[in-house]
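This report concerns only the one structure given below.
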Amino acid sequence: MKTVIANSDQSNTKNELMRRGKALFDAEKSDAIYFTNNQEANTLINDIEEYPHAFVLGCIADRQVKSETAFDIPWLINNRINGFEFSKLIKLSEIEMRVFLHDSKHRFKKDIAKAYFKGIKYIDEEYGGDASKIWGGSPSSAEVVYKFLQIDGIGPKIATMAANILARDFKIPLSDYYSIDISADRHVRRVFERLGFVKQNASNEEIIYKARAIYPEFPGILDNPCFEIGRNWCRSNKIQCTDCYLEKYCPFNKNSKIKK
Ligand code: SF4
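Count along the sequence shown from 1, add 15, and you get the number used in my numbering.
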């Protein structure tokens, strides 16, 4: 990949990205938020009013595997115990959890079974079995991220991703968005590099702080526009700059030798 020298004035690029991020954020709530290709598993996670713990448990398993694999697990357990009511989950032992995860594609079934067991116990003790208390009552973004961090197995990356999904996709009202960071996934990284926001092979922290510098009020709002650009026009081996709305500002577009 060609190294991109950052142009001195990236304000147009940043403004365009923020404009698109806000438009996507303000869009109507979608009928179904995508978590996995499995429609039944998706339906369970999307039912955040009835089963708020399904989303939280999906987040707990979202490590070192594709998100789809993590968010399939509540559905697998649902099928084994005929429902996903919290009152059923709290009765399960760690051993039972391990057995139920047998059909999961997760690489760390044993660890996830343990994290699920501890997570369910924590939701019971801290929130009386109602995981929606993590985000209910329009808390600050910092409060939501902090509460996710208290759950065993959830680190800063997943905690901030969870807060972003709640605010952006589930349209859960929060009093601010300052603590919702960007997720430095492969699309965000590629687009940030090509736009000259960060150098090639920048660390995740550099990407996160760059997003904070661009839009401190809500750095994570840049997630969706970068994902959209990265998936549609700014792919790793094929670029369609003529279709990308950042074409006229992008330094990479002016210098690229990658096939378009
Ligand atoms: S103009 Fe081209 S290189 Fe720049 S972000 Fe868009 S698709 Fe990527």
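Ideal Cβ positions, reconstructed from N, Cα and C, are used throughout, including at glycine.
The criterion of a C-beta distance shorter than 9 Å is not satisfied by residue 256 and residue 206. Residue 248 has its CB nearer than 8 Å to a heavy atom of the ligand SF4. Taking residue 48 as the centre and dropping the five residues before and after it, the same chain places the C-beta of 61 and 184 closer than 6 Å to its C-beta, in chain order. In this structure, the ligand SF4 has a non-hydrogen atom nearer than 8 Å to the beta-carbon of residue 255. Taking a cut-off of 8 Å on C-beta distances, the stretch 73 to 83 does not touch the stretch 99 to 111, as fewer than three cross pairs fall below it.
The three-state secondary structure of residue 265, taken from DSSP, is coil. Residue pairing of residue 249 in beta bridges, as defined by DSSP: 254. Each residue's CA atom was taken as its position, placing residue 220 and residue 251 some 22 Å apart. For residue 142, the three-state secondary structure derived from DSSP is helix.
Counting every other CB atom within 10 Å of its CB across the protein chains shown gives residue 162 a total of 16 or more, marking it as buried. A direct Cα-to-Cα measurement between residue 100 and residue 42 gives close to 31 Å.
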